[in-house]
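Trainee: Protein chains in written order, with this note's numbering: chain A, 128 to 392; chain B, 3 to 128. All C-beta atoms in this analysis are idealised placements derived from N, C-alpha and C, irrespective of residue type, glycine included.
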């Protein structure tokens with residue numbers, strides 16, 4: 128799958144899942160609230176706010192309310208997600224303008240300079256996250272802020288463990304490692320804040336976990352590795368059995384490791 | 003709690019020190035070495051305990067340092083992570099504030115590799 132068709136698949140997958148994403152993507156919703164809390168730590172300079180990957184608007188409403196004097200540019204790769212966000216957003220009549228644009232965050236087109244660029248659970252879908260983020264930093268005004276939340280490579284330890292035990296490939300998508308990313312961004316920024324947090328979601332069984340990933344549109348496999356049907360069955364059976372031995376049947380825990388980053392240009 | 007510690011320290015210095023070390027190392031278990039407490043300086047320790055009650059940090063000198071790196075264990079039981087976040091908001095523009103999960107106050111002892119890795123990153127950044 129080349130870069131363009133992969134992006135198209137991501138957009139389609141999320142677009143078709145907009146409604147269930149809005150209802151079920153609780154981790155993304157929690158992280159949006161945390162990003163908003165983090166933004167209280169630093170002063171956001173005047174200028175346009177760019178939100179990359181608005182999804183159904185978990186973060187957008189908060190940005191809209193918190194920064195009434197900053198023009199807000201809301202974007203998403205998926206036209207359907209963008210439309211959902213636009214139709215559900217409540218905009219105060221006296222706030223600065225809010226615009227909506229379908230856009231790939233890895234290809235910023237306009238020459239606007241931003242006061243704040245923010246992205247919640249977006250950069251893990253990027254082909255070249257470091258290069259893209261360096262590009263975003265260049266698009267910030269002096270003292271402008273980049274604010275990110277993303278799942279890291281330490282996510283899904285339980286899934287990884289099952290795959291290792293069964294000696295089958297771990298086919299979760301390759302997630303960003305925060306440290307090299309921070310190392311690269313440090314070279315061109317003034318100030319940096321990094322916080323990591325582990326979230327736990329619970330599911331009835333392994334099948335339920337994978338179905339939930341699919342229902343929110345996040346099940347697109349970009350890892351280039353695929354399991355056979357037999358391997359998938361083995362994986363789910365082994366995972367379910369390992370949960371049964373914990374004494375808490377029907378409670379499959381999955382841990383998600385999330386990085387929160389604030390960077391001042 | 004601090005005054006309680008100071009009172010207890012007068013009677014049982016070693017026991018108070020052990021409890022403090024355990025809290026510092028949390029969430030990593032602290033193991034008492036065979037020579038622990040042999041060179042105990044109660045006066046100095048009591049002085050340090052008193053100082054903890056009036057702890058303050060002037061960030062102005064940090065502005066003169068070219069690169070500042072602050073590492074904070076998320077499970078710190080001595081200086082809460084909330085305090086660290088509060089401090090980060092007042093740090094100058096030459097600073098990095100990094101939180102480390104599954105680490106406490108004693109992270110230079112319990113997470114030395116992680117600390118070095120972040121220090122290397124910070125020193126490497128131009």
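Any beta carbon of chain A sitting closer than 8 Å to that of residue 126 of chain B?
Mentor: Against the second chain, residue 126 of chain B aligns to sequence position 124. Closer than 8 Å to some Cβ of chain A, the Cβ of residue 126 of chain B qualifies, so yes.
Trainee: I need the straight-line Cα distance from residue 133 of chain A to residue 114 of chain B, nearest angstrom please.
Mentor: Reading the first chain from its first residue, position 6 is the one you call residue 133 of chain A. Reading the second chain from its first residue, position 112 is the one you call residue 114 of chain B. C-alpha separation (whole angstroms): 40 Å.
Trainee: Can you check which of these residues, B:122, B:111, B:16 and B:118, is closest to residue 41 of chain B by C-alpha distance?
Mentor: Start at 1 with the first residue of the second chain, and residue 41 of chain B comes out as number 39. Taking only the C-alpha atoms, the option nearest residue 41 of chain B is B:16.
Trainee: Give a yes or no on whether the C-beta atoms belonging to residue 95 of chain B and residue 314 of chain A are separated by under 8 Å.
Mentor: Reading the second chain from its first residue, position 93 is the one you call residue 95 of chain B. Reading the first chain from its first residue, position 187 is the one you call residue 314 of chain A. Against a cut-off of 8 Å, the Cβ pair of residue 314 of chain A and residue 95 of chain B comes out as no contact.
Trainee: Is DSSP giving residue 269 of chain A helix, strand or coil here?
Mentor: Counting from 1 along the first chain, the entry for residue 269 of chain A is found at position 142. Of the three classes helix, strand and coil, the one that applies to residue 269 of chain A here is strand, per DSSP.
Trainee: Using a Cβ distance threshold of 8 Å, determine whether the segment 150-161 of chain A contacts the segment 325-345 of chain A, with at least three qualifying pairs required.
Mentor: Verdict: yes, contact present.
Trainee: Do the CB positions of residue 97 of chain B and residue 76 of chain B come within less than 8 Å of each other?
Mentor: For the purposes of this step, residue 97 of chain B is identified with residue 95 of the second chain, where counting begins at 1. For the purposes of this step, residue 76 of chain B is identified with residue 74 of the second chain, where counting begins at 1. In this structure, residue 76 of chain B does not lie closer than 8 Å to residue 97 of chain B by Cβ.
Trainee: Give a yes or no on whether 8 Å exceeds the smallest Cβ distance from residue 67 of chain B to chain A.
Mentor: The residue labelled residue 67 of chain B in the question sits at position 65 within the second chain. It does not; no Cβ of chain A falls within 8 Å.
Trainee: Measure how close the beta-carbons of residue 280 of chain A and residue 304 of chain A come, nearest whole angstrom, since I'm counting them as under 8 Å.
Mentor: Translated into the one-based positions of the first chain, residue 280 of chain A becomes position 153. Translated into the one-based positions of the first chain, residue 304 of chain A becomes position 177. With 8 Å as the limit, residue 280 of chain A and residue 304 of chain A qualify as a contact, their Cβ atoms being about 5 Å apart.
Trainee: Name the residues in the segment 314-338 of chain A whose C-beta lies less than 8 Å from a C-beta of chain B; which are they?
Mentor: Going along the segment 314-338 of chain A in chain order, one finds 314, 317, 318, 319, 320, 321, 322, 323, 324 and 325 with a Cβ nearer than 8 Å to chain B.
Trainee: Taking 6 Å as the limit between beta carbons, can you name the residues of its chain near residue 198 of chain A, skipping five residues before and five after?
Mentor: As a first step, residue 198 of chain A is located in the first chain; it is residue number 71 there, counting from the start. The residues are 175, 223 and 224.
Trainee: So, is residue 124 of chain B buried or exposed, given that buried needs 16 or more other C-beta atoms within 10 angstroms?
Mentor: Locating residue 124 of chain B in the second chain gives position 122, counting from the first residue. That one is buried.
Trainee: Quick one: give me the first and last residue of the alpha helix (DSSP H) that residue 309 of chain A is part of.
Mentor: For the purposes of this step, residue 309 of chain A is identified with residue 182 of the first chain, where counting begins at 1. Element bounds for residue 309 of chain A: 305-313.
Trainee: When the cut-off is 8 Å and only beta carbons count, does residue 91 of chain B lie next to chain A?
Mentor: The count along the second chain starts at 1 and reaches residue 91 of chain B at position 89. With 8 Å as the cut-off, residue 91 of chain B counts as an interface residue toward chain A.
Trainee: List the residues of chain A whose Cβ lies closer than 9 Å to the Cβ of residue 84 of chain B, in chain order.
Mentor: Stepping through the second chain from its first residue, residue 84 of chain B is reached at position 82. By Cβ distance, chain A contributes nothing, its closest Cβ being about 12 Å from residue 84 of chain B, past 9 Å.
Trainee: Helix or strand or just coil, what does DSSP make of residue 247 of chain A?
Mentor: As a position in the first chain, residue 247 of chain A is number 120, starting the count at 1. Residue state, collapsed to three classes: strand.
Trainee: When you compare each of B:49, B:13, B:54 and B:14 to residue 3 of chain B by their alpha carbons, which one comes out closest?
Mentor: On the second chain, residue 3 of chain B is found 1 positions in, with the first residue counted as 1. For residue 3 of chain B, the nearest C-alpha among the options comes from B:54.
Trainee: Strictly below 9 Å CB to CB, what residues from chain A border residue 87 of chain B?
Mentor: Position 85 of the second chain, counting from 1, holds the residue named residue 87 of chain B. What residue 87 of chain B touches in chain A: 165, 168, 320 and 322.
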